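Numbering-wise, the UniProt record's numbering puts 31 at position 31 of the sequence shown, and it's gapless, one number per residue. For each residue, glycine too, the CB sits at the ideal point set by N, CA and C. All figures in this text were calculated on a predicted structure; none of them were measured in a lab.
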Amino acid sequence: GDYGQATGGHNPNLGFQPVNPVSFDIKNTVLSALKENQFSGSESECPNIHLARFYEACGYTDPAGVSDSNKKLRLFPLSLTGRAKDWIDTLPPNTIATLDELELKFRERYFPIHKFLERRNDLTNFEQGDAESLYD
Numbered sequence: 001g002d003y004g005q006a007t008g009g010h011n012p013n014l015g016f017q018p019v020n021p022v023s024f025d026i027k028n029t030v031l032s033a034l035k036e037n038q039f040s041g042s043e044s045e046c047p048n049i050h051l052a053r054f055y056e057a058c059g060y061t062d063p064a065g066v067s068d069s070n071k072k073l074r075l076f077p078l079s080l081t082g083r084a085k086d087w088i089d090t091l092p093p094n095t096i097a098t099l100d101e102l103e104l105k106f107r108e109r110y111f112p113i114h115k116f117l118e119r120r121n122d123l124t125n126f127e128q129g130d131a132e133s134l135y136d
C-alpha cells in the first residue's frame, strides 16, 4: 500500500493544533530566539527555565489583532525539538484552548510530581556535609 496516503477518511495528525489557531508572520529574530533555546525534553533541562526564555522570545513580536495567549500558543511548538516536539505533535488536535492549559500539560509532562517531591525532600532534609565548611 501507499503509506503516504491517509486511510479510512482520517486526516493524519498535522501536529499540535489549538482550538482557535491563529496565523501571522513570524519575524526571523523571533525564530532565531526560539531556536536558540529549544527544549528537547532531556532530564537535564528545566521546563521552568525554558518557559521563561520562551516568554522572553515572544516579547520580540506583537502581531496586530492577535492576543498574547494566541501568539504564544502559535509559537510554543517552535520552541521544542526532539522528544518534546514529538510529544506536542501527539496532543489531540483542538483540545487546548488556552496558554494556561498548554503550560499545565507541558509542566505535567516535563516536571512531574515525583520530581517536585524529590526536590522538596532534598530541601527539607538539607544538612551540612562532613567535609563542608559553614562559610563556603
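Check, Outcome
"Inspect the beta-carbon positions of PHE16 and ALA84 and report whether they are closer than 7 Å.", "no"
"Specify the secondary structure class of PHE24 as computed by DSSP and reduced to three states.", "coil"
"Kindly indicate which residue of LYS35, GLU43, ASN20 has the alpha-carbon position closest to the one of SER67.", "ASN20"
"Three or more beta-carbon pairs under 8 Å between the segment 54-62 and the segment 97-110, yes or no?", "no"
"My output table needs one value for PHE76: the three-state DSSP class, helix, strand or coil.", "helix"
"What distance in whole Å lies between the Cβ atoms of PRO18 and ILE96, which are believed to be in contact at a cut-off of 8 Å?", "5 Å"
"Rounded to whole angstroms, what is the Cα-Cα separation between ASP100 and LEU75?", "14 Å"
"What is the rounded straight-line gap between the Cα of ASN94 and the Cα of ASP130?", "55 Å"
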